[in-house]
Amino acid sequence: MSRSNSKFRLSFNSPVVLGFAIICFAALLLDWMTKGYTNQLLFSVYRSSLANPFTYVRLIGHVFGHANWSHFIGNIMLLLVIGPLLEEKYGSSNLLFVMLTTALVTGLVNYIFFPDIRLLGASGIVFAFILLSPFANLKEGTIPITLILVAAIYIGGEVYNGLFVQDNVANLTHILGGFVGAGLGFVMHKGKMNRY
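Going by the working numbering, the letters in the sequence shown line up with residues 552 to 747, in that order.
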């Protein structure tokens with residue numbers, strides 16, 4: 552029996568998702584070291600003066616901030632499970648576009664409609680990924696039952712929680728993230744089908 556000399560090596564298999572997770576972890580450490588200052592300055596979105604340049608940074612930067620370790624783990628674990636599969640399917644640049652679009656949409660909605668609420672965390676992106684994932688195996692002329700079930704369970708659950716549960720979770724952010732993911736998943740899938 553021959554012995555293989557091949558060695559295992561680490562693979563940076565999903566640069567966008569891994570890069571995002573690393574930035575989120577760094578933001579969490581910075582927030583801890585500054586006792587909350589960096590989350591308020593850079594990593595949460597809320598109504599502030601349009602003359603302040605940090606207002607524009609926060610419109611995207613809020614997705615990197617997390618309130619605590621459990622908030623971070625809850626979001627990042629789901630991103631690390633779903634994200635690499637989506638990045639392999641759609642490509643790094645497309646997945647980055649989904650993430651930036653979700654960040655901007657949720658940031659703008661919070662800035663405009665909820666001026667007194669500080670929003671932070673990657674949960675909008677998590678929901679975008681969840682609703683994007685059923686499109687990965689979509690065949691032309693079909694609607695996957697998994698898409699219907701995922702939309703009903705996740706979006707329906709967030710609507711219910713938004714109406715009946717006061718748990719300080721940004722339910723509208725989850726819903727918006729889901730719609731961005733589903734919408735961009737449909738657009739990217741249609742574009743791919745048209746190229747073949």
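Note that CB positions come from ideal geometry on N, CA and C, so glycine has one too.
Using CA coordinates, which residue listed in the options is at the minimum distance from residue i?
i, options, result
"Tyr-597", "Ile-611, Thr-585 and Val-731", "Ile-611"
"Tyr-607", "Asn-619, Phe-594 and Thr-697", "Phe-594"
"Glu-709", "His-725, Thr-697, Leu-698 and Val-701", "His-725"
"Leu-683", "Gly-672, Leu-698, Leu-671 and Val-660", "Leu-698"
"Phe-730", "Tyr-588, Val-656 and Met-584", "Val-656"
"Val-614", "Ile-681, Gly-672, Leu-727 and Gly-570", "Gly-672"
"Val-632", "Ile-706, Val-568, Phe-563 and Asn-590", "Val-568"
"Arg-609", "Leu-581, Asn-590 and Ser-565", "Asn-590"
"Pro-685", "Arg-560, Met-628 and Gly-732", "Gly-732"
"Asn-661", "Phe-563, Pro-566, Gly-707 and Ser-599", "Ser-599"
"Pro-566", "Gly-642, Pro-604 and Asn-603", "Gly-642"
Using the C-alpha atoms, what's the distance from residue j back to residue i?
i, j, result
"Met-572", "Ser-674", "Checking the sequence, you will find Ala at residue 572 rather than Met. Their Cα atoms are separated by approximately 13 Å."
"Ile-663", "Ala-679", "21 Å"
"Met-744", "Leu-651", "With a pLDDT of 41 at Met-744, under the threshold of 50, the modelled position of this residue cannot be trusted; read the value that follows with caution. Computed Cα separation, rounded: 24 Å."
"Gly-734", "Lys-558", "42 Å"
"Asn-626", "Val-677", "7 Å"
"Ala-577", "Gly-616", "9 Å"
"Lys-640", "Leu-630", "15 Å"
"Glu-638", "Gly-736", "12 Å"
"Met-584", "Pro-666", "27 Å"
"Tyr-747", "Lys-741", "Low confidence applies to Tyr-747: its pLDDT is 35, below 50, so where it sits in the model is not reliable, and the reading given next is rough at best. Approximately 10 Å between the Cα atoms of the pair."
"Lys-586", "Ile-696", "46 Å"
"Asn-619", "Gly-658", "20 Å"
"Leu-647", "Thr-653", "10 Å"
"Leu-581", "Cys-575", "10 Å"
"Val-738", "Ser-644", "15 Å"
"Val-649", "Leu-579", "23 Å"
"Leu-601", "Gly-634", "33 Å"
"Arg-560", "Phe-623", "27 Å"
"Phe-563", "Met-628", "17 Å"
"Leu-700", "Leu-723", "19 Å"
"Gly-570", "Phe-605", "22 Å"
"Gly-728", "Ser-621", "20 Å"
Following the continuous alpha helix (DSSP H) through residue i, name the residue where it begins and the one where it ends.
i, result
"Lys-640", "620-641"
"Tyr-597", "Tyr-597 -> no alpha helix (DSSP H), and no H or E assigned at all."
"Ser-674", "674-683"
"Ala-572", "566-584"
"Leu-610", "604-612"
"Leu-700", "696-701"
If you check the beta carbons only, do residue i and residue j fall under 9 Å apart?
i, j, result
"Leu-636", "Ala-687", "yes"
"Tyr-705", "Ile-681", "yes"
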